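Take a look at the structure set out below.
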Amino acid sequence: MKLNFIFILVVVIFFTISCNNDDDDAGDTIEVRDVAEVEAEDDAELQLYLQTHFYNYEEFQNPPADFDYKIVFDTIAGVNADKIPLIEQVQEEIINFQDVPHTLYYIIAREGVGENPVYGHEVITKYQGSYIGGEIFNDLNVETKFSTTGVVYGFGALLVKLKTGTSFTENINGTLEWNQDYGIGAAFMPSGLGYFNSPPLGSSIPSYSPLIFKVDMLEFNEIDEDYTIINAQGGTASTPDGIPSHLEDVDGDGDPRNDDTDGDGIPNYLDADDDGDGVLTKAEYDYDEDGVVDDSDGDGVPDYLDPDSRIEGN
Ligand SMILES: [Ca+2]
Ligand SMILES: [Ca+2]
Ligand SMILES: [Ca+2]
Ligand SMILES: [Ca+2]
2 MKLNFIFILV VVIFFTISCN NDDDDAGDTI EVRDVAEVEA EDDAELQLYL
52 QTHFYNYEEF QNPPADFDYK IVFDTIAGVN ADKIPLIEQV QEEIINFQDV
102 PHTLYYIIAR EGVGENPVYG HEVITKYQGS YIGGEIFNDL NVETKFSTTG
152 VVYGFGALLV KLKTGTSFTE NINGTLEWNQ DYGIGAAFMP SGLGYFNSPP
202 LGSSIPSYSP LIFKVDMLEF NEIDEDYTII NAQGGTASTP DGIPSHLEDV
252 DGDGDPRNDD TDGDGIPNYL DADDDGDGVL TKAEYDYDED GVVDDSDGDG
302 VPDYLDPDSR IEGN
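Per the working numbering, the sequence shown runs over residues 2 to 315.
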């Protein structure tokens, strides 16, 4: 199933893969705190929230006729005193940030019936970002497209755990009615898996904020995101190399963000010349166009990843 129409595309300025860099803070005065210390504080805050809150799991188990299939959190108190706290329903994943293990908590309210995206795919979702206190900083309840590798790590980790659904119908007013079988989940993340000390410029998110993201997984596609730098000001041009981003995972660990063959700081999935030999990957990948990846010197390393085997004449 492919989206065969122009849908509302919201530019997701919030997300940047470089958001956690700690070397680009010239001009701001945010104290760079100890990562392990922040993670300990954030985890305590997250656990307290998860112990004292629940989600509308009963509605997901037995959906009322008018249910909108949105995750809602509430406090365990009063008439809700007997609800199962989130802490007993969340799953956990340990993800390193600056070599410090961080715990991501997540719930899968509905798994979905299709396939799940992987890192390097582009997804179409509806999502909402909020603080632990409940205040919403980003609510995009419209189809929104972005790359799984272009978002903060805690959000990306949730995206790849959710499956799409089957299809949709288009309403007269142009909005889409998605079949109620797509994946729905939420992630609770320490700030190290969010924006840490570098929230997006112009956003209202304070530094060191643990975050909650809810997401509907509607669709995903292959993308090819490589670029080249075209001027001294750092201007870039889209230069796809013909290899989809999710397949530029040289070490095969499922994550193309950590593969940088030429060590130039640009991971291969964004790098139009993966081995840094001056020949674009698209020219080296399959020069003779026989459908087989070229390895001119027969050393087992394909030409596009091997600076020694540049094909003469390119
Ligand atoms: Ca590519
Ligand atoms: Ca990898
Ligand atoms: Ca590449
Ligand atoms: Ca090359």
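Just so you know, even glycine gets a beta-carbon here, dropped at the ideal spot from N, CA and C. None of these values were measured; they are calculated from a predicted model.
- Taking C-beta atoms as the reference points, S210 and N198 fail to come closer than 7 angstroms.
- By the criterion of a C-beta distance shorter than 7 angstroms, D182 is surrounded in its chain by G113, V114, G166, T167, once the five residues flanking it on both sides are discounted.
- Bounds of any beta strand (DSSP E) do not take in F68, whose DSSP letter is neither H nor E.
- Along the length of the region 175 to 227, whole beta strand (DSSP E) runs at least 3 residues long occupy 177 to 179, 184 to 190, 212 to 222, reported in chain order.
- Residues with their Cβ less than 7 angstroms from any non-hydrogen atom of ligand 1, running along the chain, are D225, E226, D227, P241, D242, G243, I244, P245, S246, E249, Y270.
- According to the DSSP assignment, G299 belongs to no alpha helix (DSSP H), since it is labelled neither H nor E.
- For T282, the CB falls within less than 6 angstroms of some heavy atom of ligand 3.
- Remark: the shortest separation between the CB of D260 and any heavy atom of ligand 3 does not fall under 6 angstroms.
- If the five residues before and after V293 are omitted, its C-beta is found closer than 8 angstroms to the C-beta atoms of D287, all from its own chain and listed in chain order.
- Within the region 270 to 298, the complete alpha helix (DSSP H) segments at least 4 residues long are 282 to 285, listed from N- to C-terminus.
- C-alpha of N172 to C-alpha of V143: approximately 14 angstroms in a straight line.
- In the structure shown, the three-state DSSP call for A41 is helix.
- The closest CA to that of D44, considering only S131, F189, R34, D274, is found on F189.
- For D252, the shortest C-beta to heavy atom distance toward ligand 3 is 6 angstroms or greater.
- Spatial neighbours of I125 in its own chain (CB-CB distance under 6 angstroms, excluding positions within 5 residues in sequence) are listed in chain order as E144, K146, L219, E220.
- Proximity to I224 across L194, I213, L271 peaks at L271, based on C-alpha coordinates.
- Non-local C-beta neighbours of D242 in its own chain, meaning closer than 6 angstroms and more than five positions away in sequence, comprise D227, A273, T282, K283, ordered along the chain.
- At a Cβ-Cβ threshold of 7 angstroms, H103 and T76 do not count as neighbours.
- Assignment of T76 by DSSP, reduced to helix, strand and coil, places it in the strand class.
- Only exposed fits F68, as fewer than 16 other CB atoms lie within 10 angstroms of its CB.
- Apart from the 5 residues on each side of it in sequence, Y305 sits with its Cβ closer than 7 angstroms to the Cβ of D275, D276, T282, E285, Y286 in its chain, given in chain order.
- A residue is called buried when at least 16 other Cβ atoms come within 10 angstroms of its Cβ; I137 does not meet this threshold and is exposed.
- Restricting attention to D298, Y120, V153, I96, the CA atom closest to the CA of L212 is found in V153.
- Ligand 4 approaches D278 closely enough that one of its heavy atoms is under 6 angstroms from the residue's Cβ.
- The C-alpha of E116 lies about 8 angstroms from the C-alpha of L163.
- Taking non-hydrogen atoms of ligand 4 into account, the C-beta of E116 is found less than 6 angstroms away from none of them.
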